[in-house]
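If you're matching positions, the sequence shown starts at 4 in the numbering used here and goes up one per residue. Quick notes on the structure that follows.
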Amino acid sequence: MKVLFATVLKPVTDTRVAEKLAPLFFPKAEVHIFGRIISFEKKFPFVFHDAGIKTRAFRSRWRAQIAFVKTLVRLNPTIVVVGAIELLWIAFCLKKILGFYLIYDIRENYRRNVRYQNIYPILSKPLLLIWIWITEALSVLFVNEYWLAEVGYEQELSFFKKKSYKIVENKFAIYHFFYSPKVPISFKEKPIITFAIVGTLSETFGTMRAIRFFEEYSRYFAARLFITGMAASKNIYEQVMKLSSQINVILNVSEIPISHGVILQTMCSSDIVMLPYMPNKSTQNCIPTKLYECLALGIPMLLSENLLWEKLIIPHSAGIFTNFLPSDVKNVHQKIIETVFYPKGFVKEAYFDHDHSFQTHIEKLLCALS
Numbered sequence: 004m005k006v007l008f009a010t011v012l013k014p015v016t017d018t019r020v021a022e023k024l025a026p027l028f029f030p031k032a033e034v035h036i037f038g039r040i041i042s043f044e045k046k047f048p049f050v051f052h053d054a055g056i057k058t059r060a061f062r063s064r065w066r067a068q069i070a071f072v073k074t075l076v077r078l079n080p081t082i083v084v085v086g087a088i089e090l091l092w093i094a095f096c097l098k099k100i101l102g103f104y105l106i107y108d109i110r111e112n113y114r115r116n117v118r119y120q121n122i123y124p125i126l127s128k129p130l131l132l133i134w135i136w137i138t139e140a141l142s143v144l145f146v147n148e149y150w151l152a153e154v155g156y157e158q159e160l161s162f163f164k165k166k167s168y169k170i171v172e173n174k175f176a177i178y179h180f181f182y183s184p185k186v187p188i189s190f191k192e193k194p195i196i197t198f199a200i201v202g203t204l205s206e207t208f209g210t211m212r213a214i215r216f217f218e219e220y221s222r223y224f225a226a227r228l229f230i231t232g233m234a235a236s237k238n239i240y241e242q243v244m245k246l247s248s249q250i251n252v253i254l255n256v257s258e259i260p261i262s263h264g265v266i267l268q269t270m271c272s273s274d275i276v277m278l279p280y281m282p283n284k285s286t287q288n289c290i291p292t293k294l295y296e297c298l299a300l301g302i303p304m305l306l307s308e309n310l311l312w313e314k315l316i317i318p319h320s321a322g323i324f325t326n327f328l329p330s331d332v333k334n335v336h337q338k339i340i341e342t343v344f345y346p347k348g349f350v351k352e353a354y355f356d357h358d359h360s361f362q363t364h365i366e367k368l369l370c371a372l373s
C-alpha cells in the first residue's frame, strides 16, 4: 500500500507531515511525500518527490502542479493526503481515474488569509475568494475525510462538516529530537538573557516589531538575540539584515526554508522564545506550532496578547504577554525576573502522541483499505 502526502510551498521535511502524520502510516504502508526539496540533517524512512518549487511565483507553482500529476499517475497510491488547496482540483480529477482515498489536510483558513492579510493584491482578492469558495464547496463530492490543523477551524469553517473530520493539532512530536527540559526556570540570577525569533519571518508574524523591541530592551539590560528562519519575502530579508546590524544578534536567516531540527536547536539554546504575532483575524484563532513546542520542551515565551493562548500559557506559568512596544521593555524585564516558569514541570499535553485516538483511527483506516 502506498500513501502520498502532497503540499506545494512546504518542504518535504515539514514537521507536520514528516514528523507527525507520516510516521503513523509507516511501516505498514510505503510513504511518499511531495513538496519542496531542501537540505536536511535527519534520515527519514520516506520517499521524497520534488515539486520543483523555487519561488512563490505563478510559473513555479504551475510547474508544481504538473509535477503532482506525474507523481500521482506514476505512484498510483491507495491514500492521498493533500495539504494545499491548489492541488485539490488535480486530486478531484484523478481520484475518479485512480480510485484513491482522498484526505484534505486543512492547514490554513485560506478565506481569512486572503481577506485579512496584506500579501494579496486588492484587485485579485474577490477572484481568489470565489475560487476558494468553489473549491471548498466542491471538495465534499470528492474528499473522503478532512483533518483540521486548528481547533478554531471547526468554528471558522463549515464546508467539511458534511463529511468525517478529525482535529489534528500541530503539537510537538519528538521524532529523533532529544532534549531534557530543565524546569522550573528562574532568571533572577541570570547575567544575560538570550531571546530567540524562529520560523517564518514576516510582518504578519511580527518579526520586525520583535527586533525593535529587543533593540530597546538591550539598551537597558544585558541580552542577546538568535534569529533563525526563512524570510517570507526579499523585503523582509533586507529589513531583518539591516535592523540586526545594530544589535547583539546571531543570525541564521535564509530566503528558503530552514530545517526544523535547526530551529529546535535554536529554541533550546535560548532562554526565551518570542512569539510576536501581529493582531490579525487570519491568525487570532490559531495556535502556532512553536507554542506547543515550547510548552513540551519547557521553554519560556514572550507572546503577543491572545485570549486563546492565555488558556494554555497561564496555568503553567509558561510565558509573559506583552504588546511588544518599546515603552514596555522595563515592565517586561521585571516580570521576567520575578516569574518562576513551569513550576509544575513541562506540559505533557503539548505532545502530539499524548492522545492516541488519532493513531487508532489511522490503524483502522489502513486495515479497511488493505
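A virtual CB, placed ideally from N, CA and C, is assigned to each residue, including glycine. Given the structure is predicted, the values throughout are model-derived calculations rather than measurements.
Output needed for residue i: all residues of its chain with C-beta closer than 7 Å, excluding positions within five of it in sequence on either side, in chain order.
| i | result |
| --- | --- |
| A140 | F162 |
| K338 | I323 |
| K347 | H319 |
Look at the alpha carbon of residue i and the alpha carbon of residue j, and state the distance between them as a whole number of angstroms.
| i | j | result |
| --- | --- | --- |
| P329 | Y107 | 42 Å |
| R215 | L315 | 27 Å |
| M233 | I88 | 22 Å |
| M304 | F327 | 13 Å |
| I317 | L298 | 11 Å |
| I109 | S221 | 40 Å |
| I275 | I196 | 8 Å |
| S408 | R19 | In this structure the chain extends from 4 to 373, so residue 408 is not present and cannot be described. |
| F37 | M211 | 32 Å |
| V332 | E192 | 19 Å |
| P279 | F95 | 38 Å |
| L24 | Y223 | 45 Å |
| E157 | V171 | 12 Å |
| I188 | H364 | 38 Å |
Leaving out five residues on either side along the sequence, give the residues of the same chain with a beta carbon under 6 Å from the beta carbon of residue i.
| i | result |
| --- | --- |
| L97 | L75 |
| G301 | P184, V186, Y345 and F349 |
Please state whether the Cβ-Cβ distance between residue i and residue j is less than 8 Å.
| i | j | result |
| --- | --- | --- |
| T16 | S262 | yes |
| A32 | V50 | no |
| E335 | T325 | It is worth fixing the name first, because residue 335 is Val in this sequence and not Glu. It is a contact, given that the beta carbons lie within the stated cut-off. |
| C289 | G155 | yes |
| T292 | N121 | no |
| L27 | Q362 | yes |
| L47 | A67 | Per the sequence shown, the amino acid found at residue 47 is Phe instead of Leu. Contact: no. |
| F355 | F175 | yes |
| I259 | I41 | yes |
Skipping 5 residues on each side, what residues in its chain have a beta carbon closer than 8 Å to that of residue i?
| i | result |
| --- | --- |
| L132 | R114, V117 and R118 |
| L387 | There is no way to answer for residue 387, as the model of the chain reaches only from 4 to 373. |
| V143 | F162, F163, K165 and K166 |
| Q242 | M211 |
Count the other C-beta atoms from every protein chain shown that fall within 10 angstroms of the C-beta of residue i, then say buried if there are 16 or more, exposed otherwise.
| i | result |
| --- | --- |
| T10 | buried |
| M244 | exposed |
| I69 | exposed |
| L90 | buried |
| P124 | exposed |
| N238 | exposed |
*Inter-stretch contact (C-beta, 8 Å, three-pair minimum) for the segment 274–283 and the segment 144–160*: no
*Would you check if the segment 216–235 and the segment 245–253 touch, i.e. whether three or more CB-CB distances between them fall below 8 Å?*
yes
*Is the segment 199–207 touching the segment 260–275, taking contact as three or more C-beta pairs under 8 Å?*
yes
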